[in-house]
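J.:
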Amino acid sequence: MLKTEPIDLEAIRRDFPILKREVNGKRLVYLDNAATTQKPRQVIEALVDYYSRYNSNVHRSVHRLGEEATEAYEGAREKAARFVGASPKGLVFTRGTTESTNLVRFSWGEKFVKKGDTLVTTLMEHHSNIVPWQLLAKRKEANLRFVSLTPEGTLDIASLEEVLRDSPALVAVTHCSNVLGTINDVAKVCSMARKVGAATVVDGAQAVPHFPVDFAAIGCDFYAFSGHKMLGPTGIGALVSRKELLEEIDPFHGGGEMIKEVFLDHSTWNDVPYKFEAGTVNIADAIGLGAAVDYLTHVGMDKVREHEMALLRYTLESLTGVKGFKHYGPREPENKGGVLSFNLGDVHPHDLATILDEEGIAIRSGHHCAQPLMRWLDVSATSRASFHVYNGQDDVDALKAGLEKAGRIFRL
Ligand code: 7TS
Numbered sequence: 002m003l004k005t006e007p008i009d010l011e012a013i014r015r016d017f018p019i020l021k022r023e024v025n026g027k028r029l030v031y032l033d034n035a036a037t038t039q040k041p042r043q044v045i046e047a048l049v050d051y052y053s054r055y056n057s058n059v060h061r062s063v064h065r066l067g068e069e070a071t072e073a074y075e076g077a078r079e080k081a082a083r084f085v086g087a088s089p090k091g092l093v094f095t096r097g098t099t100e101s102t103n104l105v106r107f108s109w110g111e112k113f114v115k116k117g118d119t120l121v122t123t124l125m126e127h128h129s130n131i132v133p134w135q136l137l138a139k140r141k142e143a144n145l146r147f148v149s150l151t152p153e154g155t156l157d158i159a160s161l162e163e164v165l166r167d168s169p170a171l172v173a174v175t176h177c178s179n180v181l182g183t184i185n186d187v188a189k190v191c192s193m194a195r196k197v198g199a200a201t202v203v204d205g206a207q208a209v210p211h212f213p214v215d216f217a218a219i220g221c222d223f224y225a226f227s228g229h230k231m232l233g234p235t236g237i238g239a240l241v242s243r244k245e246l247l248e249e250i251d252p253f254h255g256g257g258e259m260i261k262e263v264f265l266d267h268s269t270w271n272d273v274p275y276k277f278e279a280g281t282v283n284i285a286d287a288i289g290l291g292a293a294v295d296y297l298t299h300v301g302m303d304k305v306r307e308h309e310m311a312l313l314r315y316t317l318e319s320l321t322g323v324k325g326f327k328h329y330g331p332r333e334p335e336n337k338g339g340v341l342s343f344n345l346g347d348v349h350p351h352d353l354a355t356i357l358d359e360e361g362i363a364i365r366s367g368h369h370c371a372q373p374l375m376r377w378l379d380v381s382a383t384s385r386a387s388f389h390v391y392n393g394q395d396d397v398d399a400l401k402a403g404l405e406k407a408g409r410i411f412r413l
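Note that the numbering used here has the sequence shown beginning at 2, numbered continuously upward.
Now the structure itself:
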């Protein structure tokens with residue numbers, strides 16, 4: 002399809018049953034991958050296989066099914082950890098990125114943040130990397146400061162240097178913006194933060210699904226991501242950290258399986274990462290995430306990235322000529338994930354998304370859970386097309402035709 006197609010697009014598309022369906026009599030053109038991705042049959046089959054063959058609780062039963070389920074669940078942990086360059090003992094399964102940042106807010110924040118401390122995040126964050134720090138700042142009477150952005154939508158390093166002069170307790174930053182697509186040099190941000198003694202949290206929700214990520218090389222304290230944005234099921238994700246740091250901080254939830262011993266007046270904690278996985282865990286979806294990791298590993302994350310960069314370049318070239326098209330964020334695919342936010346003249350993004358839906362095209366419109374960024378951009382909302390490995394040039398051509406149709410309807 003593309004001139005130098007790094008992947009076998011047609012073979013990949015055959016793996017995604019949902020791509021066979023039609024919407025409003027048209028081929029489904031799914032361009033809402035930053036919200037959630039579609040699932041290949043390999044992931045769907047892993048879920049069905051678990052429920053049909055070895056459904057059982059983990060870590061507690063010596064019977065055959067219990068052992069098989071435990072092996073598959075722990076196998077998924079190993080796969081997910083290896084995928085992001087981390088150790089399995091340092092990977093806590095959570096419901097996703099939002100629960101991961103909240104785990105840090107509670108378990109790390111309760112212990113280490115003091116009255117008058119400074120916490121730092123940035124203007125390009127998803128609400129899940131802002132609101133937990135607001136709650137922590139309120140509880141601890143700490144101050145929350147924001148790193149501002151350059152006109153191109155990248156982190157303003159001078160602003161980062163300025164907030165670091167406060168010697169913050171925490172610096173939280175996204176690896177890749179879900180609106181601008183900006184890929185931040187998080188290794189550099191973490192190294193600068195470490196020099197002033199700050200703990201670091203990186204939101205990898207839009208990074209892990211789209212390009213190779215190496216937790217050890219980034220050098221952050223905590224790294225969060227979601228399974229459903231990387232071809233896996235909803236309700237599963239991870240918080241990655243160092244085993245020693247996880248040992249040092251307090252549990253997030255209390256209950257079964259996270260304890261070693263329970264007395265009437267106190268309890269002792271299980272080893273990490275189990276100390277953070279209270280109650281019956283999300284076994285099926287963890288196994289599904291393991292299958293998604295296998296799938297992406299088989300395709301190759303370098304190839305996924307190459308494919309999305311080529312698609313991004315093609316999209317920006319095609320859409321730039323469309324009347325009224327205004328794009329937000331960096332333009333060079335080298336600094337941008339597979340996310341493209343835009344507006345079309347003064348057409349409201351919700352109207353645009355409705356017109357596109359009539360053509361079978363799914364995009365997202367709205368504030369993308371990034372209201373501070375919308376205010377910085379001085380817009381109430383944007384439209385957003387976001388890619389994954391099954392998108393091709395034909396999807397972009399359909400989007401372009403849909404935008405032109407909207408332009409005619411609104412007489413742009
Ligand atoms: N961080 C970023 C950068 C995100 O894009 C999202 C979800 C999250 C955190 C939260 O992930 P969750 O799995 O815990 O919900 N982003 C979007 C989006 O852009 N549209 O819908 C969800």
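All C-beta atoms in this analysis are idealised placements derived from N, C-alpha and C, irrespective of residue type, glycine included.
Contact defined as beta carbons within less than 8 Å: I believe Val187 pairs with Thr102. What is the distance between those atoms, to the nearest angstrom?
T.: Indexing the sequence shown from 1 puts residue 187 at position 186. Indexing the sequence shown from 1 puts residue 102 at position 101. About 15 Å separates the two Cβ atoms, so there is no contact after all.
J.: Since Leu150 and Asp157 should fall inside the 8 Å C-beta cutoff, what is the C-beta to C-beta distance between them, to a whole number of angstroms?
T.: Translated into the one-based positions of the sequence shown, residue 150 becomes position 149. Translated into the one-based positions of the sequence shown, residue 157 becomes position 156. Indeed, because the Cβ distance is near 6 Å, the residues count as touching under 8 Å.
J.: Inspect the beta-carbon positions of Tyr74 and Ala285 and report whether they are closer than 7 Å.
T.: Numbered from 1 along the sequence shown, position 73 holds the residue referred to as residue 74. Numbered from 1 along the sequence shown, position 284 holds the residue referred to as residue 285. Not closer than 7 Å, so no.
J.: Is His127 near ligand 1, judged by its Cβ being under 6 Å from some heavy atom?
T.: As a position in the sequence shown, residue 127 is number 126, starting the count at 1. Result yes, Cβ under 6 Å from ligand 1.
J.: What are the residues that DSSP puts in a beta bridge with Glu262?
T.: Taking the first residue of the sequence shown as position 1, residue 262 is located at position 261. For Glu262, which the question treats as bridged, DSSP gives the partners Thr269.
J.: How about His389: is its Cβ closer than 6 Å to a heavy atom in ligand 1?
T.: Here the question's residue 389 lines up with position 388 in the sequence shown. Because no heavy atom of ligand 1 lies under 6 Å away, the Cβ of His389 does not count as near it: no.
J.: Pick helix, strand or coil for Lys327, following the three-state DSSP scheme.
T.: Start at 1 with the first residue of the sequence shown, and residue 327 comes out as number 326. Strand.
J.: Can you determine whether any heavy atom of ligand 1 sits closer than 6 Å to the C-beta of Asp204, and answer yes or no?
T.: Taking the first residue of the sequence shown as position 1, residue 204 is located at position 203. Yes, Cβ of Asp204 sits closer than 6 Å to a heavy atom of ligand 1.
J.: In the structure shown, what three-state DSSP assignment does Asp9 receive?
T.: The count along the sequence shown starts at 1 and reaches residue 9 at position 8. If DSSP states are grouped into helix, strand and coil, Asp9 belongs with coil.
J.: Between the stretch 227-235 and the stretch 250-260, do three or more beta carbon pairs fall short of 8 Å?
T.: Fewer than three beta-carbon pairs drawn from the stretch 227-235 and the stretch 250-260 are found closer than 8 Å, and the two stretches are therefore not classed as touching.
J.: With a threshold of 6 Å (Cβ to nearest heavy atom), would His369 be considered close to ligand 1?
T.: Numbered from 1 along the sequence shown, position 368 holds the residue referred to as residue 369. It does: the Cβ of His369 is within 6 Å (strictly closer) of some heavy atom of ligand 1.
J.: Taking a contact to mean a Cβ-Cβ separation below 7 Å, would you say Asp222 touches Ala200 in this structure?
T.: The sequence position of residue 222 within the sequence shown is 221, counting from 1. The sequence position of residue 200 within the sequence shown is 199, counting from 1. In this structure, Ala200 lies closer than 7 Å to Asp222 by Cβ.
J.: In terms of DSSP beta bridges, what is Glu23 paired with?
T.: Locating residue 23 in the sequence shown gives position 22, where the first residue counts as 1. DSSP, once it has assigned bridges, lists Arg28 as partnering Glu23.
J.: Could you check where the beta strand (DSSP E) with Gly289 kicks off and where it finishes?
T.: Your numbering for residue 289 matches position 288 in the sequence shown. Run containing Gly289: none in the beta strand (DSSP E); it sits in the alpha helix (DSSP H), 284-300.
J.: With distances taken Cα to Cα, identify the nearest neighbour of Thr355 among Leu341, Ser384, Gly338, Tyr329.
T.: Counting from one through the sequence shown, the residue named residue 355 turns up at place 354. Measuring from the Cα of Thr355, the nearest candidate turns out to be Ser384.
J.: Do you know offhand how far Asn271's Cα is from Arg195's?
T.: As a working note, residue 271 is residue 270 in the sequence shown. As a working note, residue 195 is residue 194 in the sequence shown. Answer to the nearest angstrom: the Cα atoms are 29 Å apart.
J.: Just verifying my parser: in three-state terms, what is the DSSP assignment at Gly205?
T.: Stepping through the sequence shown from its first residue, residue 205 is reached at position 204. Coil at Gly205, not helix or strand.
J.: Quick one: does Val190 have its CB under 7 Å from some CB of chain D?
T.: Within the model displayed, chain D is absent; a lone protein chain is all it includes.
J.: So if DSSP puts Tyr224 in a beta bridge, which residue, or which two residues, is it bridged to?
T.: Within the sequence shown, the letter at position 223 stands for residue 224. Tyr224 pairs with Val203, Val241.
J.: Label Phe264 either buried or exposed according to how many other C-beta atoms from any shown protein chain fall within 10 Å of its C-beta, with 16 as the threshold for buried.
T.: Here residue 264 refers to the residue found at position 263 of the sequence shown. Label assigned to Phe264: exposed.
J.: Rounded to the nearest angstrom, what separates Gln207 and His60 at their Cα positions?
T.: On the sequence shown, position 206 is the one that residue 207 refers to. On the sequence shown, position 59 is the one that residue 60 refers to. Taking the straight line joining both Cα atoms gives about 31 Å.
J.: Is it the case that the CB of Gly97 approaches a heavy atom of ligand 1 more closely than 6 Å?
T.: Here residue 97 refers to the residue found at position 96 of the sequence shown. Yes, Cβ of Gly97 sits closer than 6 Å to a heavy atom of ligand 1.
J.: Measure the C-alpha to C-alpha separation of Gly416 and Tyr224 and round it to an integer number of angstroms.
T.: The shown model of the chain, from 2 to 413, leaves out residue 416, and the question about it has no answer.
J.: Following the continuous beta strand (DSSP E) through Val348, name the residue where it begins and the one where it ends.
T.: As a working note, residue 348 is residue 347 in the sequence shown. Per DSSP, Val348 belongs to no beta strand (DSSP E) and is neither H nor E.
J.: Mapping the DSSP letters down to three states, classify Asn1 as helix, strand or coil.
T.: Nothing about residue 1 can be reported from this structure: the residues present for the chain run from 2 to 413 only.
J.: Could you tell me which residues DSSP pairs with Cys177 in its beta bridges?
T.: The residue labelled residue 177 in the question sits at position 176 within the sequence shown. According to DSSP, which records beta bridges pairwise, Cys177 is partnered with Ile184.
J.: Might you give, ordered along the chain, the residues of its own chain that have their beta carbon closer than 6 Å to the beta carbon of Lys324, omitting 5 neighbours on each side?
T.: To locate residue 324, count along the sequence shown from 1; it is residue 323. Hits under 6 Å: Gly408, Leu413.
J.: Taking the DSSP output, what are the residues bridged to Val190?
T.: Residue mapping note: residue 190 aligns to position 189 of the sequence shown, counting from 1. Bridge partners of Val190: none, in fact.
J.: If Tyr391 and Arg14 are in contact, beta carbons under 8 Å, what's the gap, nearest whole angstrom?
T.: For the purposes of this step, residue 391 is identified with residue 390 of the sequence shown, where counting begins at 1. For the purposes of this step, residue 14 is identified with residue 13 of the sequence shown, where counting begins at 1. Between Arg14 and Tyr391 the Cβ distance is about 5 Å, and since that is below 8 Å, they are a contact.
J.: Would you decide whether Gly154 is buried or exposed? Buried here means 16 or more other CB atoms lie within 10 Å of its CB.
T.: On the sequence shown, position 153 is the one that residue 154 refers to. Buried, by the Cβ-count rule.
J.: Does the Cβ of Thr298 have 16 or more other Cβ atoms within 10 Å, making it buried, or fewer, making it exposed?
T.: The residue given as residue 298 occupies position 297 in the sequence shown. With a threshold of 16 other beta carbon atoms within 10 Å, Thr298 falls short and is exposed.
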